[in-house]
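Going down the list, the protein sequences come from chains A and B.
Each residue of the first sequence is one higher than the last, beginning at 1 in UniProt numbering.
Each residue of the second sequence is one higher than the last, beginning at 1 in UniProt numbering.
2 protein chains.
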Amino acid sequence: MSQNDIARIAEPQPELQLQQFLTYRLSRVQAKLNAQASRVLREHAGITLTQWRILALIGVEGLRRSADLSRHAALDKGMVSRNIKLLVAEGLVVAEGDDSDQRAQTLGLTGKGRQLVERTLPIMRKRQNLLRGALDAGELAVLYRALDKLELAAEAQDFD
Amino acid sequence: MSQNDIARIAEPQPELQLQQFLTYRLSRVQAKLNAQASRVLREHAGITLTQWRILALIGVEGLRRSADLSRHAALDKGMVSRNIKLLVAEGLVVAEGDDSDQRAQTLGLTGKGRQLVERTLPIMRKRQNLLRGALDAGELAVLYRALDKLELAAEAQDFD
DNA sequence: ATAAATTGGTTGACCCGTCAACTATAATGT
DNA sequence: ACATTATAGTTGACGGGTCAACCAATTTAT
C-alpha cells in the first residue's frame, strides 16, 4: 500500500470486464454497422437508415400498413409514424386512406420514391455481400446460436 | 399480379433481411443485456448502469480521474462528467482538486459509495457467471472472432 | 345490441449516447 | 521565452430509440 495507495474494494476483476466487454463489443459493432449504412444512405440517397428500412419494406417487401412495418421490422410505431410523415413531405411515399379500415392508411411509393429505391438497392446489396463475405457459414451459425443463448440468458429474472 | 397486386420493385430479398436481421439481433441482444443489468441495479442499488460502471471503475479498478474512466471504458467524457456530478450529489463519490494538475480532480468513493459497491458486487458477479455459463469456450471464441470480422467489414469505406 | 377490449396511428416526454464548443491548465516545440 | 498544441472537464444541442397517453375505428364477447 505504499506507492499505489488507492482504496480498492477488491482486486480488479477480469470477470467484470468480460461482461462489460461483451455488451461493449456488441454495441460497438452494431454502432459501426449502423454508421456505415447511415453514411452510405446519407451520401447516396439523402435519407436515414430508418427511412431506408421503411422504403424497402414498402417497395421491396410490399408492405402497405404502418403497423405491418412495426411488426415486421421491430420498429417503434411512433418512429414509423414520424418517418412516414417525413417521407410523404419529401414526396417519396404516398399515404391514402384505406377503404376497408378507416383507421388505417395504405402506403405506397411515389415514382420518385421508386426511383430512389431502385438506385439505392444495388449499393446496399453490395454492402450486404461485403458483410456476408466477412463470415463463413460456420461462423455465422455459431454467431446466431451464441446470440440466441445470450439473449435467453439476458432474459433471466431470477438469478438473484 | 391478380390477387396480390402490390407494386414491388424487386422480389423480397432474403439478403436484405439478413443484414437487417444481423444488426437487429445485435442491437436486441445488447438491449436486453443492458435492460437486465439496469433492472438489477435500479432495484438493488438505485443507480443506472453507467453509474455502476463508474463506481466499479473507481472502487474496483482503482481509477481516479475522469479521463481515465472515459478511456478505460469507452464512456463519453461528457457523460462521465454529468454522472460524476450526480454521484457526488448522492454522496457516493468524492471529487477533490488534484495538486499535481489543476485541471484534474481526484475521484474516490465515500463510505456510502464503498458500501454500495460491496453490496452490489456479488450480485453482479452472479449475473456475470450466468452469462458466461451460457456460452462454452468455443462459442465465445467464435463470437469474438465474428464480431471482429464484422467490425472490420463495417469500417470499409470503399465498397461503392 | 351494446359494452369491453383490441388495434391503427399520432403526439409528447424522456433517456442514452454522441458530438461540438468552450475554458482552463499543461506539455511541447523552436 | 513564447507560441503552439494537447489535455481535463463542463455544458449545450441533437438524433435515435422507448414508453405512455390519447383518439378514432373496429373487433369480440355477452
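The beta carbon of each residue, even a glycine, is placed where N, CA and C say it ideally should be.
This structure is a prediction, so every number in the text was calculated from the model and none was measured.
Which two residues bound the contiguous beta strand (DSSP E) that contains residue i?
i, result
"B:Leu150", "Premise fails: B:Leu150 lies in the alpha helix (DSSP H), Ala137 to Glu155, not in any beta strand (DSSP E)."
Tell me where the alpha helix (DSSP H) around residue i begins and ends.
i, result
"A:Gly59", "Leu49 to Gly59"
"A:Gln115", "Gly111 to Ala134"
"B:Ala73", "Ser66 to Ala73"
Is residue i buried or exposed, if buried means 16 or more other CB atoms sit within 10 Å of its CB?
i, result
"A:Ala156", "exposed"
"B:Gln3", "Any answer about B:Gln3 is weak, because its pLDDT of 37 lies below 50 and its placement is not dependable; what the coordinates show is given next. The residue is exposed, with fewer than 16 neighbouring Cβ atoms inside 10 Å."
"A:Met1", "With a pLDDT of 44 at A:Met1, under the threshold of 50, the modelled position of that residue is not reliable, and the figure given next carries that caveat. By the neighbour-count rule (16 or more Cβ atoms within 10 Å), A:Met1 is not buried but exposed."
"B:Glu61", "buried"
"A:Ala141", "exposed"
"A:Ser66", "buried"
"B:Ala89", "exposed"
"B:Ala146", "buried"
Just to make sure I have the definition right: I need the residues of chain B whose C-beta is within less than 7 Å of the C-beta of residue i. Which are they?
i, result
"A:Asn34", "Thr23"
Out of the options, which one is the CA nearest neighbour of residue i?
i, options, result
"B:Ala35", "B:Arg25, B:Thr23, B:Tyr24 and B:Thr48", "B:Thr48"
"B:Arg42", "B:Ser66, B:Arg145 and B:Ile123", "B:Ile123"
"A:Ala154", "B:Ala137, B:Ser81 and B:Gly133", "B:Gly133"
"B:Tyr24", "A:Leu63, A:Lys126, A:Gly108 and A:Arg71", "A:Arg71"
"A:Arg28", "B:Ala74, B:Arg65 and B:Glu90", "B:Ala74"
"A:Arg119", "A:Asp76, A:Arg145 and A:Leu55", "A:Leu55"
"B:Gln105", "B:Leu92, B:Ser38 and B:Gly97", "B:Gly97"
"B:Lys126", "B:Leu26, B:Ala31 and B:Val40", "B:Val40"
"B:Met79", "B:Gln51, B:Leu26 and B:Arg114", "B:Gln51"
Using three-state DSSP, classify residue i as helix, strand or coil.
i, result
"B:Asp5", "Low per-residue confidence applies at B:Asp5: pLDDT is 45, beneath 50, and the placement is therefore not dependable enough to give any value."
"A:Gly108", "strand"
"B:Gly91", "coil"
"B:Glu96", "strand"
"residue 208 of chain B", "Any answer about residue 208 of chain B is impossible in this case: the structure gives chain B only from 1 up to 160."
"A:Leu22", "helix"
"A:Leu86", "helix"
"B:Leu33", "helix"
"A:Gly62", "coil"
"B:Arg103", "coil"
What does residue i reach in chain B if we use C-beta pairs closer than 8 Å?
i, result
"A:Gln30", "Thr23, Leu26, Ser27 and Gln30"
"A:Lys149", "Ala134, Leu135 and Glu139"
"A:Glu155", "Lys32 and Gln36"
"A:Glu118", "Ile9"
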